[in-house]
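**Q** FYI, the numbering used here numbers position 352 of the sequence shown as 363, with every residue one higher than the one before it. Glycine residues also receive a C-beta, built at the ideal position from the N, C-alpha and C atoms.
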Amino acid sequence: MSELLTEIQQLLWPRPGICTDEAMYFRRDPAKTSYAYGKDAIFFELNGTVFFDTYFNAFSVSKWTTYAVPAELFLKVRFRGCFQIRLIGYQYRNGAVIPYTLDVFDVASEDDDETVFRFVQRQECLICSFAMIAMRDNSVFLGGAYCRDADMREMSEVGLALNICTYHRERFVLETLRRLNVELMDISDSPLRNHLRVQITDNGQTLISKVQKLPWVSIVSQNGQGSAGGFARGQIEIARMAGRYGLTHMIFMDDDISLDPRILIRTYWFLRSLKKEYREYILGGELLRLNFPQSQVEAGAQWNCGMVVSTKPNLDLRRLDHILFNELPERVEYQGWWFCCVPLYNNLRMPLPVYFHRDDVEFGLRNRNFIYLNGVCVWHDEFENKPNPVNVYYDTRNRFIVNSIHCPEYDGGQAARDLTKNVVRKVLTQRYLEAKLMLRGAADFCRGADWVIANDGAAMYRELSDYAPKLVPLGECGKGFDLQDYEMNLFHIPIVSKKLKIRYWLLGFLLPARYIRSVPMFSPSPDSFHRVKKTFHYDSSSERVLVTEKKVRQSLIMLVRLVTVDVKLMKKYAGVTMQWKAGFDYYTSEEFWEKKLDLGGNYE
C-alpha cells in the first residue's frame, strides 16, 4: 500500500543549529530509550516508550479536516524489532487534555521494515499522533510520515517563491541558502526540487558577491528603498517569473530568521491539498524565540488601531496542553513578514510604501484570512533585543497611516490621545530624543500622503539616525550601573491604580531628583523613575548602555511641543485620511512601484 500514498508530513528530528530540544519532536522514557543524534534513530530496550504527540510531529487533524480536500489519513513507520503502536487522538476541553486511543497494532521485523496504518477519524480530535512501546530489547525506530492517498486529481499545483529582503545580514541569508540546498534542493526525490525559487533583494548591495551561484536563487541589488521597497521589488520579480516556473505562492521572509527547510515541504503539501474556497488564504508561520526555541512569541496578531495584541504568546511548545491550545482558532488581523505565505492571485496588491515598519500590518489588514499549523514556524531573535530608537518615528507615523486607511473608528482626537500617552511615557523615562522622534513622526503624518511618499527614503533615515540616542559599551558607561537594581526593574510590577499612578509620576517629576537607577532598555516602566536623577538603560543583547539624566527644561519643551502637535493632529487627521484613502490603490500598484524603483520596464 505504501507506494500508493503521498507523504504529506514527514516526522522531523532535532537538528543542530536549528532546534535540539527533544521535547519539541518526541517524548521518551530516558531510562529505556536513547536518541542517536545525527543518525535519526531511537533505540529501545524492552518496554521503552516514545510519544510523538509534539509540536513538530503531531498531525493537525482538525485544521486538515477544515481546510483540506477530504482524504484518508495513514501513518507510515520504519523500524526494526518488535513494537506495539498506539494511534491516539487528542481533544482539549476547559484546559484539560483528553486522549482517545484510536487503534492498537503489534508489529515485528528482523530487518529494517516499513509498515502503514490507517487512522480512524474522530471529528472531536484536534490532533492525532502515535506512541511506540518496545516489546523486546534492541528495537529501533527509524522514522516515518503521515500520509494520504495518492489520488492527485483534487490537488492543486503549487510553486513556492521565498521573497527575502536583506540589509547587511549576510550570515543569516547564507546559512538559510545552505540549509535549503542541503535539506531540499540537492536531494533528488525532494518534492520541492522543481517547485521552489528564492528571490533576494539586497538593499545593502553587499551580498551578491558572496552567494554561490545556484539555479534556483535570484538576487537583485538596490539602495535607499527600505524593507517595503525590498519586498516590493521581490514581489515584482516573482510575479514576472511566476509563469515560467509555475509559481503560485510567495513567502515574505525576514533575512535574520532561523528556518528549518523541512517546514517548506509541509507548507507545500498543505497548500496543494487546500479546498478551493481556502486557496486565497494566507498561511502564517508561528514565531518562536531564537534564544528559547520552545517559546512561542505569537501566531499572528491583532492590530486594534495600534494597540497590538499577539495571538497565543508565551506558549511552551514542549507541553501537550499548550500544543492543543495552539490549535484553537482565534481572531487574527495580520501576520508578520518573518514567514507569511501569500497566494499569487490576480488582484494581489503591492506593499504600502512606508519605508519600513507596519507595512506587514497594512498588508494583513487587507486580507484578514489566515491559517496556522503547529510545526510551521521560524525562530527569530526577540525584538526587545534589537533596539533601534529611530523605529519610534516610523512606528508613530505609520500607525496613523495604517489607521487612516483601515480603521474608520479612529480619529484625530484618538490619535492625539495616543501620542500624548506615548510621548509622556518617553519624557518620564528620560528618553527625550525618542520623544522628539515621536513628535516628528506625528507632525510628518500631518504633512499629508504626497509629502510622505516624496520624502520617505534612505536620506530621511540617515537624518533621523543622527538624532538617535547613542549607546556605549557597559564597561565604558562609568560607575553607577547596578545589576541587582536592573533585574528588579526588569521584573517590575507596575502600579495598577490609574489615579495612584498619575499622582506617583507627577510627584516624581516635580520633587528634586536624587536617585540612580538601572533599567531595561526595552520599555522600562515610568514607575522606576520616581525622583531619579541618572539612569542606566541596559540592552542585555549587545551589553550596551544608554545613560540619561533628568532634564526638567527639556521635558517642558517636549510637553509644549506635544500640545502643538496634538492640535495639528486633531485639525488635520481627517483631511490626511482622505488623501491616503484616495491614493491607496495607486500607492499599492505595480505601476507606482515600477516608477519608484526606477525599473524602466526592464526588471527580469
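Take Val-131 and list the residues in its own chain whose beta-carbon comes closer than 7 Å to its own, dropping the five residues that flank it on each side.
**A** As a position in the sequence shown, residue 131 is number 120, starting the count at 1. For Val-131, where only same-chain residues beyond five positions count, the Cβ hits under 7 Å are Leu-113, Asp-114.
**Q** What is the DSSP secondary structure of Phe-367, reduced to helix, strand or coil?
**A** Indexing the sequence shown from 1 puts residue 367 at position 356. DSSP places Phe-367 in coil when its eight states are reduced to three.
**Q** I need the straight-line Cα distance from Leu-285 to Pro-484, nearest angstrom please.
**A** The count along the sequence shown starts at 1 and reaches residue 285 at position 274. The count along the sequence shown starts at 1 and reaches residue 484 at position 473. If I take the Cα positions, the gap works out to 52 Å.
**Q** Let me confirm a value: Arg-11 is counted as buried when at least 16 other C-beta atoms fall within 10 Å, else exposed. Which label applies?
**A** Nothing can be reported for residue 11, as the shown portion of the chain is limited to 12 through 615.
**Q** Are the beta-carbon atoms belonging to Gly-106 and Cys-136 less than 8 Å from one another?
**A** On the sequence shown, position 95 is the one that residue 106 refers to. On the sequence shown, position 125 is the one that residue 136 refers to. Cβ distance not < 8 Å, so Gly-106 and Cys-136 don't count as in contact.
**Q** Under the rule that 16 or more other beta-carbon atoms within 10 Å means buried, what is His-391, buried or exposed?
**A** Numbered from 1 along the sequence shown, position 380 holds the residue referred to as residue 391. Classification for His-391: buried.
**Q** Under a three-way DSSP split, which group does Tyr-66 fall into?
**A** Counted from its first residue, the sequence shown places residue 66 at position 55. Residue state, collapsed to three classes: coil.
**Q** Whose C-beta lies closer than 6 Å to the C-beta of Gly-459 among residues of the same chain, with five residues either side of it excluded?
**A** Counted from its first residue, the sequence shown places residue 459 at position 448. Closer than 6 Å at Cβ, skipping near neighbours: Val-587, Gln-590.
**Q** Among the residues of its own chain, which have a CB less than 7 Å from the CB of Asn-414, if the five just before and after it don't count?
**A** Start at 1 with the first residue of the sequence shown, and residue 414 comes out as number 403. Closer than 7 Å at the Cβ level, and outside the excluded window around Asn-414, lie Cys-316, Gly-317, Tyr-421.
**Q** Which word fits Tyr-66, buried or exposed, when buried means at least 16 other C-beta atoms lie within 10 angstroms of its C-beta?
**A** Counting from 1 along the sequence shown, the entry for residue 66 is found at position 55. It counts as buried.
**Q** Considering Cα atoms alone, identify which of Met-569, Val-435, Met-449 is closest to Pro-537.
**A** Translated into the one-based positions of the sequence shown, residue 537 becomes position 526. Measuring from the Cα of Pro-537, the nearest candidate turns out to be Val-435.
**Q** Between Pro-25 and Glu-33, which are expected to be in contact by the criterion C-beta below 8 Å, what is the C-beta distance as a whole number of angstroms?
**A** Here the question's residue 25 lines up with position 14 in the sequence shown. Here the question's residue 33 lines up with position 22 in the sequence shown. Right, their Cβ atoms sit about 6 Å apart.
**Q** In whole angstroms, give me the CA-to-CA distance for Glu-605 and Phe-63.
**A** Here residue 605 corresponds to residue number 594 of the sequence shown, with the count starting at 1. Here residue 63 corresponds to residue number 52 of the sequence shown, with the count starting at 1. Those two C-alpha atoms are separated by around 49 Å.
**Q** From Arg-442, Ala-454, Ile-334, Cys-457, pick the residue whose C-alpha is nearest to that of Lys-545; which is it?
**A** Here residue 545 corresponds to residue number 534 of the sequence shown, with the count starting at 1. Of the listed residues, the one whose Cα sits closest to Lys-545 is Arg-442.
**Q** May I ask you to report which of helix, strand or coil DSSP gives Met-143?
**A** Taking the sequence shown and counting its residues from 1, one reaches residue 143 at position 132. Here Met-143 sits in strand by DSSP.
**Q** Which residues does DSSP pair with Leu-326 in a beta bridge?
**A** For this step, residue 326 is matched to residue 315 along the sequence shown. According to DSSP, which records beta bridges pairwise, Leu-326 is partnered with Gln-307.
**Q** Buried or exposed: Glu-474, going by 16 or more other Cβ atoms within 10 Å of its Cβ?
**A** Indexing the sequence shown from 1 puts residue 474 at position 463. With fewer than 16 Cβ atoms within 10 Å of its Cβ, Glu-474 is classed as exposed.
**Q** State buried or exposed for Glu-615, treating a residue as buried only when at least 16 other CB atoms are found within 10 Å of its CB.
**A** As a first step, residue 615 is located in the sequence shown; it is residue number 604 there, counting from the start. Residue confidence is low: Glu-615 scores 46 on pLDDT, short of 50, so the model does not pin down where it sits. No coordinate-derived value is stated.
**Q** Please report the distance separating the alpha-carbon of Tyr-478 from that of Thr-559.
**A** Along the sequence shown, read from residue 1 onward, the residue named residue 478 stands at position 467. Along the sequence shown, read from residue 1 onward, the residue named residue 559 stands at position 548. Near 15 Å, if we compare the C-alpha coordinates of Thr-559 and Tyr-478.
**Q** Contact between the segment 377-388 and the segment 287-305: three or more CB pairs below 8 Å?
**A** Judged by Cβ distances under 8 Å, the segment 377-388 makes contact with the segment 287-305, as three or more pairs qualify.
**Q** What are the boundary residues of the alpha helix (DSSP H) that Ser-238 is part of?
**A** Locating residue 238 in the sequence shown gives position 227, counting from the first residue. Element bounds for Ser-238: 237-256.
**Q** Return helix, strand or coil for Pro-110, following the three-state DSSP convention.
**A** Residue numbering aside, residue 110 sits at position 99 when the sequence shown is read from its first letter. If DSSP states are grouped into helix, strand and coil, Pro-110 belongs with the strands.
**Q** I'd like the span of the beta strand (DSSP E) that includes Val-545, first residue to last.
**A** Mapped onto the sequence shown, residue 545 falls at position 534. First, the amino acid is wrong: residue 545 is Lys here, not Val. From DSSP, the beta strand (DSSP E) with Lys-545 extends over 543-550.
**Q** Helix, strand or coil for Trp-390? Go by DSSP, reduced to three states.
**A** Along the sequence shown, read from residue 1 onward, the residue named residue 390 stands at position 379. DSSP places Trp-390 in strand when its eight states are reduced to three.
**Q** With a cut-off of 8 Å on the beta carbons, I'd call Leu-448 and Pro-523 a contact; round off their distance for me.
**A** Translated into the one-based positions of the sequence shown, residue 448 becomes position 437. Translated into the one-based positions of the sequence shown, residue 523 becomes position 512. With a Cβ gap of about 29 Å, Leu-448 and Pro-523 do not count as contacting.
**Q** So, under 8 Å CB-CB, Leu-580 and Leu-430 are touching, yes? Tell me the CB distance rounded to an integer number of Å.
**A** In the sequence shown, residue 580 corresponds to position 569, counting from 1. In the sequence shown, residue 430 corresponds to position 419, counting from 1. Yes, Leu-580 and Leu-430 are in contact; Cβ-Cβ is about 7 Å, under 8 Å.
**Q** List the DSSP bridge partners of Ile-96.
**A** Position 85 of the sequence shown, counting from 1, holds the residue named residue 96. Phe-116, Met-143, per the DSSP bridge assignment.
**Q** Using the Cβ count rule (16 or more neighbours within 10 Å means buried), how would you classify Ala-465?
**A** Sequence index remark: in the sequence shown, residue 465 carries index 454 (1-based). So Ala-465 ends up on the exposed side.
**Q** Can you name the start and end residues of the alpha helix (DSSP H) that Thr-407 belongs to?
**A** Mapped onto the sequence shown, residue 407 falls at position 396. Residues 402-417.
**Q** Report the rounded CA-to-CA distance for Lys-221 versus Gln-210, giving the unit in angstroms.
**A** On the sequence shown, position 210 is the one that residue 221 refers to. On the sequence shown, position 199 is the one that residue 210 refers to. When rounded, the distance between both Cα atoms is 15 Å.
**Q** Give the range of the alpha helix (DSSP H) segment to which Val-80 is assigned.
**A** Taking the sequence shown and counting its residues from 1, one reaches residue 80 at position 69. Unbroken run through Val-80: none, as it is neither H nor E.
**Q** Which of helix, strand or coil does DSSP assign to Gln-565?
**A** As a working mapping, residue 565 is identified with position 554 in the sequence shown. Helix.
**Q** Tell me the DSSP secondary structure of Lys-224 in three-state form.
**A** Within the sequence shown, numbered from 1, the residue matching residue 224 stands at position 213. Lys-224: coil per DSSP, three-state reduction.
**Q** Just to confirm my understanding: we take Gly-491, look at its own chain, exclude 5 residues before and 5 after, and list those with CB closer than 7 Å. What are they?
**A** For this step, residue 491 is matched to residue 480 along the sequence shown. Once the five neighbours on either side are set aside, the close Cβ partners of Gly-491 are Ile-527, Lys-545, Phe-547.
**Q** Going by DSSP, what residue range makes up the beta strand (DSSP E) through Asp-496?
**A** Stepping through the sequence shown from its first residue, residue 496 is reached at position 485. Counting along the chain, Asp-496 falls outside any beta strand (DSSP E), though it belongs to the alpha helix (DSSP H) covering 494-501.
**Q** Suppose you measure from the CA of Leu-482 to the CA of Leu-494; what does that come to, to the nearest Å?
**A** As a first step, residue 482 must be located in the sequence shown, where it is residue number 471. As a first step, residue 494 must be located in the sequence shown, where it is residue number 483. If I take the Cα positions, the gap works out to 17 Å.
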